[in-house]
Amino acid sequence: MLIGIHDFINSQPFLEPLMKRASGIGLEIRTGSPAQLADQLSGGELDVAMIPAIEYLKHADRFRILPNIAIASRRKVGTVLLVSKVPLGTIRSLAQDDRSRTSVALLQVLYSKVFRIGLKLESQEPDPEKMLENHDAALIIGDQALGYAREGALIYDLSEEWFKRTGKTFVHAVIAVREGIEIEFTQTLMDAKQEGMQNLDAIAETQAKKTGHPVSLLQDYLKNKIRYDFGEEEMEGLVHFQSLCHETGLIPQKLPLRLV
Numbered sequence: 542m543l544i545g546i547h548d549f550i551n552s553q554p555f556l557e558p559l560m561k562r563a564s565g566i567g568l569e570i571r572t573g574s575p576a577q578l579a580d581q582l583s584g585g586e587l588d589v590a591m592i593p594a595i596e597y598l599k600h601a602d603r604f605r606i607l608p609n610i611a612i613a614s615r616r617k618v619g620t621v622l623l624v625s626k627v628p629l630g631t632i633r634s635l636a637q638d639d640r641s642r643t644s645v646a647l648l649q650v651l652y653s654k655v656f657r658i659g660l661k662l663e664s665q666e667p668d669p670e671k672m673l674e675n676h677d678a679a680l681i682i683g684d685q686a687l688g689y690a691r692e693g694a695l696i697y698d699l700s701e702e703w704f705k706r707t708g709k710t711f712v713h714a715v716i717a718v719r720e721g722i723e724i725e726f727t728q729t730l731m732d733a734k735q736e737g738m739q740n741l742d743a744i745a746e747t748q749a750k751k752t753g754h755p756v757s758l759l760q761d762y763l764k765n766k767i768r769y770d771f772g773e774e775e776m777e778g779l780v781h782f783q784s785l786c787h788e789t790g791l792i793p794q795k796l797p798l799r800l801v
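Heads up: the sequence shown begins at 542 in the working numbering, then just goes up one per residue.
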């Protein structure tokens, strides 16, 4: 069975423990950006994948969600940032990192009524300084956003903005299963998650060596910013996001969440 998991810092509590277990249960793990994994799952190249929440909502008739595991946040998260050199209502061009399409959708949900008509959107490689070189603003996500600061810029944490407006948990990514695929390793995934939760300090130290981020920043991020459950609060937040995406025209219809 083929499973895809993105290789960002926030996925390491699943990815590292699961890789140790994969061969024993006949599981092949592929990594890529959340957007790439969504395309591969939709195209039948993967059986299971951690994908942007918006991609599940677009294909809710074809995918099911694995319960108890997600990438979510409540209040500030630090890895989904709108950085602007000018006031929001005067932004003329915006560079966006679309490796996670949920962040792009969240930007539209939060600010579509604030942005000026005719706003130019352009997808770019995830390099904050290059993104802002020729654009008024940039949507920066993932590891490149963590700890990012720019003198004189307005920086909005989209998870924090979401919580201010809704009071709900925001779900960034879910583990989705293609229709017709039988899952026999759910307990293995839960065991991997449990091991990861017990070793966040070690994971932070490993990722600090790889990325150059301070260990303390990564410890705070993994322990206090990211929520790894998919329970009632996360479902409520995802359903509310679904409604707003539908109102904004980002998804054609609202369907009940389907769990494995």
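Glycine residues also receive a C-beta, built at the ideal position from the N, C-alpha and C atoms.
None of these values were measured; they are calculated from a predicted model.
- Check the Cα spacing between K671 and each of R657, V655, A749, R691: the tightest is with R691.
- DSSP places F555 in no beta strand (DSSP E) but in the uninterrupted alpha helix (DSSP H) bounded by 553 to 562.
- The Cβ-Cβ distance between L578 and I566 does not fall below 8 angstroms.
- With respect to T710, R615 sits close: the two C-beta atoms are nearer than 8 angstroms.
- Residue burial annotation: V655 is exposed, with fewer than 16 other C-beta atoms found within 10 angstroms of its C-beta.
- For the options L623, T631, G630, the alpha carbon positioned closest to that of Q637 is the one of L623.
- Under the rule that a run must span 4 or more residues, the alpha helix (DSSP H) segments found entirely inside the region 575 to 662 read 575 to 583, 594 to 599, 642 to 652.
- Judged by DSSP secondary structure, G545 falls within the beta strand (DSSP E) whose first and last residues are 543 to 545.
- Bridge pairing for S664: Q637 [DSSP].
- For the 8 angstroms CB-CB criterion, I606 and F771 form a contact.
- Ranked by Cα distance from L582, the options E725, V718, T752 are led by V718.
- Assigned with DSSP and collapsed to three states, H781 falls in helix.
- In the DSSP annotation of this structure, the continuous segment of the beta strand (DSSP E) that includes E569 starts and ends at 569 to 571.
- Between the region 558 to 572 and the region 729 to 736 there are three or more inter-stretch CB-CB distances shorter than 8 angstroms, so the stretches are counted as touching.
- In the pairwise beta carbon analysis, the region 673 to 689 is classified as not touching the region 595 to 614: fewer than three pairs are separated by under 8 angstroms.
- Distance from the CA atom of P755 to the CA atom of F782, rounded to whole angstroms, is 33 angstroms.
- Short of 6 angstroms from the beta carbon of I792, and not among the five residues preceding or following it, lie these beta carbons of its own chain, in chain order: L598, K599, C786.
- Just so you know, the alpha carbons of N609 and V715 end up roughly 10 angstroms apart.
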